[in-house]
Amino acid sequence: MPTVSVNVARSSENYDIEIGGGTHERVGASLRQAASAHLRRVALVSNKRVFKLYGAAVETSLTQARFSVTTVFIGDGERFKTWRTAEKVLTQVAQAKLERSDAIVALGGGVVGDLAGFVASLYLRGITFVNLPTTLLAQIDSSVGGKTGVNTAHGKNSTGTFHHPRRVLIDTATLRTLSRRDAVAGWCEAIKQGAIGGIELFEMTRNYLRDAGDADNAGGAALSPKSEQESARLSNLLAAHVAFKADIVANDERENIERDDHRSRRILNFGHTVAHALEAVTAYRRFRHGEAVGYGMLAAAEISTRLNLLPETDLQTLRSCIALAGNLPPAADVDTEAVMSRLKFDKKSVGGTLKWVLLKQLGVPQIVDETDVPRHIIKAGIHSSLNASAVPALTS
Ligand SMILES: NC(=O)c1ccc[n+]([C@@H]2O[C@H](COP(=O)([O-])OP(=O)(O)OC[C@H]3O[C@@H](n4cnc5c(N)ncnc54)[C@H](O)[C@@H]3O)[C@@H](O)[C@H]2O)c1
Ligand SMILES: [Zn+2]
1 MPTVSVNVAR
11 SSENYDIEIG
21 GGTHERVGAS
31 LRQAASAHLR
41 RVALVSNKRV
51 FKLYGAAVET
61 SLTQARFSVT
71 TVFIGDGERF
81 KTWRTAEKVL
91 TQVAQAKLER
101 SDAIVALGGG
111 VVGDLAGFVA
121 SLYLRGITFV
131 NLPTTLLAQI
141 DSSVGGKTGV
151 NTAHGKNSTG
161 TFHHPRRVLI
171 DTATLRTLSR
181 RDAVAGWCEA
191 IKQGAIGGIE
201 LFEMTRNYLR
211 DAGDADNAGG
221 AALSPKSEQE
231 SARLSNLLAA
241 HVAFKADIVA
251 NDERENIERD
261 DHRSRRILNF
271 GHTVAHALEA
281 VTAYRRFRHG
291 EAVGYGMLAA
301 AEISTRLNLL
311 PETDLQTLRS
321 CIALAGNLPP
331 AADVDTEAVM
341 SRLKFDKKSV
351 GGTLKWVLLK
361 QLGVPQIVDE
371 TDVPRHIIKA
381 GIHSSLNASA
391 VPALTS
């Protein structure tokens with residue numbers, strides 16, 4: 001079973017990420033091994049949909065390891081990632097009498113993980129946090145790196161903390177039940193990591209999608225391995241993604257705003273400048289975040305090619321890889337100008353200027369100041385990506 005170690009500045013906070021089919025059966029034992037000997041109580045934070053599927057196994061594993069478990073439910077969806085929910089969870093954690101040596105365990109996608117991690121960082125000024133991510137996006141991206149937070153009236157993820165988990169257990173078996181759209185969204189983030197992480201990671205992801213997907217279900221099919229061998233291949237792919245993100249985080253734990261080199265945490269924002277704008281102009285209703293990243297990557301790559309930074313062949317390869325992930329909801333009717341005018345709201349803009357994460361080649365990012373990207377090129381890049389013929393219309 002692959003294990004990836006995440007090294008952070010304070011070495012006592014280093015943690016392991018275990019990846020494989022069935023890791024949830026080991027949650028109790030793993031927590032016994034990783035956490036304080038005084039740990040007695042666990043608050044298991046989840047939503048009802050995920051808990052119904054995977055809660056019993058996790059609860060059994062925790063109680064078998066002699067932890068006293070209180071289950072805390074939050075609503076399902078991004079709109080529940082709020083202060084109000086965090087406050088409710090804090091109240092229930094206090095009512096369950098968790099002490100400083102106790103732990104919060106998150107079971108769910110990025111929403112549950114971000115919110116539960118946030119609460120774990122606040123309660124008694126910070127208690128042990130363990131993450132059991134159950135979406136592809138959460139397994140390769142949000143569960144690695146210690147960012148927690150909630151959305152507020154001032155923006156998505158506008159309030160949060162850095163609070164590293166003590167342990168992350170990725171159970172690949174949970175991915176079978178993911179909706180097709182959540183699978184596509186997760187694959188888009190995986191393609192993003194490949195596009196900036198190196199050609200090996202990109203090729204590994206693309207080859208996996210090509211071999212394991214099928215025409216109808218595309219990326220969704222790739223998450224239901226049909227043999228031990230396929231399952232091991234999926235675990236290894238996820239481990240490579242986790243290792244990539246862990247490496248970036250180890251280099252730039254707090255996303256230093258002064259940095260704009262090709263190994264800074266900021267490169268993870270590839271595809272996100274346009275994605276955030278696209279999500280905003282469609283009122284966060286039309287696209288899953290990862291789907292918007294699919295379009296955002298295409299836009300950033302189109303811009304890169306128009307600046308003579310990225311070869312046309314690499315742009316084509318990226319396009320066909322995104323198509324392998326599955327269909328994105330159509331975006332041709334979205335007004336390019338409206339997307340353009342939202343760009344400046346991107347929270348990653350520093351000192352009032354926006355930094356574009358572009359590509360020099362597949363696997364090699366380059367951060368470019370907005371003053372070096374002419375407006376007509378941005379406009380043409382966005383327009384072309386929203387009308388990309390390689391992204392077929394949503395069929396279901
Ligand atoms: N902390 C970070 O570094 C970081 C990075 C990227 C994204 N994020 C955050 O992650 C969130 C998005 O996460 P997400 O895409 O996982 O969304 P999500 O948590 O809303 O999950 C998507 C849907 O899938 C369901 N679900 C979860 N696991 C399932 C399973 N195994 N089977 C069936 N259904 C399942 C959920 O209940 C939900 O309805 C956003 O809030 C984003 O801001 C955080
Ligand atoms: Zn993202």
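Residues in the sequence shown are numbered from 1 upward in steps of one, following this note's numbering.
Virtual Cβ for every residue (Gly too), placed ideally from N, Cα, C.
Keep in mind that this is a model prediction, so the values were computed, not measured.
Determine which residues share a DSSP beta bridge with Tyr15 and list them. Val6
Enumerate in chain order the residues of its own chain whose CB-to-CB distance from Ser61 is below 8 Å, with the five nearest sequence positions on each side excluded. His24, Glu25, Arg26, Val27, Gly28, Ala29
Looking at the secondary structure, which residues open and close the beta strand (DSSP E) in which Ser158 lies? 155-162
Once you ignore the five residues that flank Ser396 on each side, which residues in its own chain have a CB closer than 6 Å to its CB? Residue placement at Ser396 is poorly supported in this model, since its pLDDT is 34, which falls under 50; the coordinates still yield a value, given next. There are no such residues.
Closest by CA to Leu201, which one among Ser158, Asp260, Leu386, Ala240? Ala240
Does DSSP put Thr313 in a helix, in a strand, or in coil? helix
Assuming Ile140 and Lys245 are in contact, meaning their beta carbons sit under 8 Å apart, how far apart are those beta carbons, in whole angstroms? 7 Å
Which word fits Thr205, buried or exposed, when buried means at least 16 other C-beta atoms lie within 10 angstroms of its C-beta? buried
Could you tell me the alpha carbon to alpha carbon distance between Pro392 and Ala222, rounded to whole angstroms? Note that Pro392 has pLDDT 48, beneath the 50 cutoff, so the model's placement of it is unreliable and the number below is only indicative. Spanning the two alpha carbons is a distance of roughly 19 Å.
Please name the residue in Thr63, Pro374, Glu279 whose C-alpha comes closest to that of Leu386. Glu279
Which residues share a DSSP beta bridge with Phe73? Ser46
Shortest alpha-carbon distance to Val150 belongs to which of Ser143, Gly113, Ala57, Gly126? Gly113
DSSP state of Thr63 mapped onto helix, strand, coil: helix
Contacting residues, own chain, Cβ-Cβ under 8 Å from Asp171 (five flanking each side not counted): Gly20, Gly21, Gly22, Thr23, His24, Tyr54, Leu132, Thr134
State yes or no: is the C-beta of Asp76 nearer than 7 Å to some heavy atom of ligand 1? yes
Below 7 Å, is the gap between the Cβ of Ser179 and the nearest heavy atom of ligand 1? yes
Per-residue DSSP class, three states only, for Ile378: helix
Would you give the residue range spanned by the alpha helix (DSSP H) that Asn251 belongs to? 228-251
Between the stretch 262-270 and the stretch 162-171, are three or more C-beta pairs nearer than 8 Å? no
What are the complete beta strand (DSSP E) segments, minimum 3 residues, inside the stretch 82-164? 103-108, 128-133, 147-152, 155-162
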